[in-house]
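These notes are about the structure you will find just below.
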Amino acid sequence: MCAMLFPRKYQAITIASILIILSLIILSFNLKRPGEPGFIRKLVMEAASPLEAMITGSIDGIRGVWKRYIFLVGLEEENRALKRKIETLTNELVNYRESYLEGLRLKEHMALRETHQLPMTTARVVGKENSSIFKTILINKGTSEGLRPGLPVLSAQGVVGRIIESSWNVSRVLLAIDYNSNIDAVIQGSRSQGILQGGGAMGCILKYVERSEEIKVGDAVLTSGMGGVFPRGLLLGTVVSVDRKDSGLFQRIDVMPAVHFSRLEEVSVIMPLEKEK
Amino acid sequence: MIFYLLLPVFSLILLVLQTTILDLFFLGKMGLEISLVVVIYAGFHLNASRGGILAFVMGFLLDCITGSITGLFTFFYVVVFFSSKIVSFRVYAEGLFFIMFFTLVCALSEGVFIMLLYRLIYGVDISTSLFRLFIPQALVAGVLSPALFAFFDRFKVLRDVTEQ
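Residue numbers (my numbering), protein chains in the order written: chain A, 1 to 277; chain B, 1001 to 1164.
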């Protein structure tokens, strides 16, 4: 087309000159009147916009899918990490709660020690024999800690029982509810004395209390200190029923132990005094 | 004639792709100016009328799409095209390193031209862009130019057909 307009010899120079001059005119014209798009420019913008919109839309779509994928992958990873963290924190929380509760219990034991002004040692319950006949627990201290059979064992609630056998590092405690357990007791209000015998799952029975004694339900039963094993005034339990209908000299008194034996975790052992040693 | 009819369409598509998809590769920090490489390629391989029109159209469309002052890229691309044309008459322009070097020089010149224009006309100093934008962009264009030249060679048949 250009070959027809210009001689071949000068064609390149002519075209170059025309195009350069034309572009310079466009440039200078637009520099003088900026911000005013010409018709062709508007046309180009109109033509380019659907294409750009289509490509940009596709890119955004792909980017969105990719980001969602990455987000989901990240979310899954985050979810796993959070679950792991929750498990760890739950374990930690349980440990802290345990420590807190243990602290509270130990505080009670300390209070017990201060109340009775007796030398005591605290031991952890490491085993329970809770069959229908034998009611004993195993504690984690033995002869190496100065424990020996016959020593009374308490909890913050009251009397637990007494040690019946000890090895170097563990001791077995006969619970107050064991049928073999007999503790000299006194009823707080009437000061009536008797023997608190273990009754297994039924609790305890206060024996040898005369029919003439006025015993009421709810009366506290304490150690009398007569047997030489338990100091006097330790809580054994409360009277839950009194029966005078049976013939004989004594009335039947059912006592609910003060201690929840199934929940025992730590106990205090009253240590022998120096002179007793 | 087909060449002149298809030229604006293909140029528009190329420029839109350049300003959209290719931008993604560099996260919008800089661009790969394929259009400049196309103009240089045209300077080495097309005659003055076709190549000149191509450079003019390509530059004008780029002005419209990028929103720059109309005539800025139009003028520069036309100058680049005829510079390439002159160089191709005197130098063997098919060498790999020459293509890379020449593209690098053209791209850098573009940066300097834009910088000077902004300085002279708007009084704005964009010299910091020279190191942060124009030089890396010129390096990328220079490095990739041989590959792009090889890619454009694949359309030689189409070019020859339209010439006939």
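Even glycine gets a Cβ: it sits at the ideal position worked out from N, Cα and C.
Since we're looking at a predicted model, the values are computed, not measured.
- Query: Which stretch, first to last residue, makes up the beta strand (DSSP E) that contains Leu236/A?
  - Reply: Here residue 236/A corresponds to residue number 236 of the first sequence, with the count starting at 1. Leu236/A -> beta strand (DSSP E) spans Leu235 to Asp243.
- Message: Just verifying my parser: in three-state terms, what is the DSSP assignment at Arg33/A?
- Response: Locating residue 33/A in the first sequence gives position 33, where the first residue counts as 1. Three-state result, Arg33/A: coil.
- Message: Quick check: is the beta carbon of Val65/A nearer than 8 Å to any beta carbon in chain B?
- Response: For the purposes of this step, residue 65/A is taken as the residue at position 65 of the first sequence. For Val65/A, the answer is no, since every Cβ of chain B falls outside 8 Å of its Cβ.
- Establish whether the CB of Ser99/A and some CB of chain B are separated by less than 8 Å. Counting from 1 along the first sequence, the entry for residue 99/A is found at position 99. Judged by the 8 Å Cβ criterion, Ser99/A is not in contact with chain B.
- Query: When Cβ atoms are compared, which residues of the segment 21 to 45 of chain A fall closer than 9 Å to chain B?
  - Reply: Leu22, Ser23, Leu24, Ile25, Ile26, Leu27, Ser28, Phe29, Asn30, Leu31, Pro34, Pro37, Gly38, Ile40, Arg41, Lys42, Leu43, Val44 and Met45
- Query: According to the neighbour-count rule (16 or more other Cβ atoms, all chains shown, within 10 Å of its Cβ), is Pro119/A buried or exposed?
  - Reply: For this step, residue 119/A is matched to residue 119 along the first sequence. Pro119/A comes out exposed.
- Just how far apart, CA to CA, sit Leu89/A and Arg97/A? Along the first sequence, one-based indexing puts residue 89/A at 89. Along the first sequence, one-based indexing puts residue 97/A at 97. Approximately 12 Å, taken between the alpha carbons.
- Query: What residues are listed by DSSP as bridge partners for Gln193/A?
  - Reply: As a working note, residue 193/A is residue 193 in the first sequence. According to DSSP, Gln193/A bridges with Val186/A.
- Task: Decide if the segment 1134 to 1152 of chain B is in contact with the segment 1088 to 1108 of chain B; the criterion is three or more beta carbon pairs, one per stretch, under 8 Å apart.
- Result: yes
- Test item: CB-CB of Val125/A and Val240/A under 8 Å: The residue you call residue 125/A lines up with position 125 of the first sequence. The residue you call residue 240/A lines up with position 240 of the first sequence. In this structure, Val125/A lies away from Val240/A, with their beta-carbon atoms at least 8 Å apart.
- Residue closest to Ala1048/B, alpha-carbon to alpha-carbon, out of Ser190/A, Gly203/A, Glu87/A and Ile20/A: Taking the second sequence and counting its residues from 1, one reaches residue 1048/B at position 48. Nearest C-alpha to Ala1048/B: Ile20/A.
- Item | Cutoff 7 Å; reference Phe1149/B; Cβ partners in own chain excluding five residues on either side | Numbered from its first residue, the second sequence carries residue 1149/B at position 149. Same-chain partners within the cutoff: Tyr1041 and Ile1099.
- Query: What is the residue span of the beta strand (DSSP E) that Arg252/A lies within?
  - Reply: Here residue 252/A refers to the residue found at position 252 when the first sequence is read from its first residue. Looking at the DSSP string, the run of the beta strand (DSSP E) that includes Arg252/A is Phe250 to Pro257.
- Message: Applying the 10 Å Cβ sphere with the 16-neighbour rule, what's the burial state of Val1039/B?
- Response: Working through the second sequence from its first residue, we reach residue 1039/B at position 39. Answer is buried; the Cβ neighbour count reaches 16.
- Message: Which residue marks the beginning of the alpha helix (DSSP H) containing Arg1090/B, and which one marks its end?
- Response: In the second sequence, the residue the question calls residue 1090/B occupies position 90. Here the alpha helix (DSSP H) through Arg1090/B covers Leu1072 to Arg1090.
- Message: Can you list, in chain order, the residues of its chain with a C-beta nearer than 8 Å to that of Glu1033/B? Leave out the 5 residues immediately preceding and following it.
- Response: Residue 1033/B sits at position 33 when you count from the first residue of the second sequence. These residues qualify, in order along the chain: Gln1018, Ala1107, Glu1110, Gln1137 and Ala1141.
- From Leu1130/B to Phe1101/B, what distance separates their C-alpha atoms? In the second sequence, counting from the first residue as 1, residue 1130/B sits at position 130. In the second sequence, counting from the first residue as 1, residue 1101/B sits at position 101. Near 18 Å, if we compare the C-alpha coordinates of Phe1101/B and Leu1130/B.
- Query: Just to confirm, are Phe230/A and Ile164/A a CB contact at a threshold of 8 Å?
  - Reply: Indexing the first sequence from 1 puts residue 230/A at position 230. Indexing the first sequence from 1 puts residue 164/A at position 164. Against a cut-off of 8 Å, the Cβ pair of Ile164/A and Phe230/A comes out as no contact.
- Going by alpha carbons, who is nearest to Leu1014/B out of Val1112/B, Gly1059/B, Gly1051/B and Ile1002/B? Here residue 1014/B refers to the residue found at position 14 when the second sequence is read from its first residue. The shortest C-alpha to C-alpha distance from Leu1014/B to any of Val1112/B, Gly1059/B, Gly1051/B and Ile1002/B is the one to Gly1059/B.
- Query: Can the beta-carbon of Ser171/A be found closer than 8 Å to that of Ile139/A?
  - Reply: Sequence index remark: in the first sequence, residue 171/A carries index 171 (1-based). Sequence index remark: in the first sequence, residue 139/A carries index 139 (1-based). Yes; because the gap between Cβ atoms is below 8 Å, this pair is in contact.
- Task: In the DSSP assignment, find the beta strand (DSSP E) that holds Ile270/A and state where it starts and stops.
- Result: Numbered from 1 along the first sequence, position 270 holds the residue referred to as residue 270/A. Here the beta strand (DSSP E) through Ile270/A covers Glu266 to Ile270.
- Item | Status (buried if at least 16 other CB within 10 Å, exposed otherwise) for Tyr1092/B | Counting from one through the second sequence, the residue named residue 1092/B turns up at place 92. Flag for Tyr1092/B reads exposed.
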